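A.B. asks: Numbering (the numbering used here), first residue to last: 12 to 113.
Don't be surprised by glycine CBs; every beta carbon is placed ideally from N, CA and C.
Bear in mind the structure is a predicted one, so any value in this text is a computation, not a measurement.
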């Protein structure tokens with residue numbers, strides 16, 4: 012990682028009991044430094060017949076989920092959503108297929 016990348020990141024939301032200091036992985040470094048992650052397309056929703064469908068991608072140390080943006084009422088139900096976080100809806104089959112490869 013470049014020299015200007017933090018060597019540790021403190022995760023300590025005021026209302027989170029599970030806070031920790033961790034060393035950033037490559038994907039965290041990309042997020043912190045606003046660099047593009049390299050994504051490997053895995054699959055999309057089994058019911059999809061066109062583009063723009065929920066999908067799953069693999070990246071170094073994790074996954075990226077492409078899905079439908081939540082409405083405000085649903086977003087309001089999420090716990091401890093930080094300003095730099097977001098959530099999307101994907102059909103169960105998109106994530107359930109991970110069991111096959113893990």
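#1: To the nearest angstrom, how far is the alpha carbon of residue 109 from that of residue 57?
#2: For residue 63, list the residues DSSP reports as bridge partners.
#3: Could you give the residue range of the alpha helix (DSSP H) that holds residue 109?
#4: Report the rounded CA-to-CA distance for residue 77 versus residue 92, giving the unit in angstroms.
#5: Which of helix, strand or coil does DSSP assign to residue 53?
#6: Smallest Cα separation from residue 55: which of 46, 69, 49?
#7: How would you write the range of the beta strand (DSSP E) that residue 75 sits in, first residue to last?
#8: Going by beta carbon distance, what residues of the same chain come within less than 7 Å of residue 81, once the five residues before and after it are set aside?
#9: Can you give the Cα-Cα distance for residue 88 and residue 112, rounded to whole angstroms?
C.D. replies: Quick look at the numbers:
#1: Within the chain shown, the letter at position 98 stands for residue 109. Within the chain shown, the letter at position 46 stands for residue 57. C-alpha separation (whole angstroms): 13 Å.
#2: Counting from one through the chain shown, the residue named residue 63 turns up at place 52. Answer by DSSP bridge pairing: none, since residue 63 is not bridged.
#3: Numbered from its first residue, the chain shown carries residue 109 at position 98. Annotation for residue 109: the continuous alpha helix (DSSP H) segment containing it runs 109-112.
#4: Position 66 of the chain shown, counted from the start, is the residue given in the question as residue 77. Position 81 of the chain shown, counted from the start, is the residue given in the question as residue 92. Spanning the alpha carbons of residue 77 and residue 92 requires a straight line of approximately 18 Å.
#5: Counting from 1 along the chain shown, the entry for residue 53 is found at position 42. Correct three-state label for residue 53: strand.
#6: Sequence index remark: in the chain shown, residue 55 carries index 44 (1-based). Taking only the C-alpha atoms, the option nearest residue 55 is 69.
#7: Position 64 of the chain shown, counting from 1, holds the residue named residue 75. Counting along the chain, the beta strand (DSSP E) containing residue 75 begins and ends at 73-77.
#8: Position 70 of the chain shown holds residue 81. The residues are 98, 99, 100.
#9: On the chain shown, residue 88 is found 77 positions in, with the first residue counted as 1. On the chain shown, residue 112 is found 101 positions in, with the first residue counted as 1. Approximately 31 Å between the Cα atoms of the pair.
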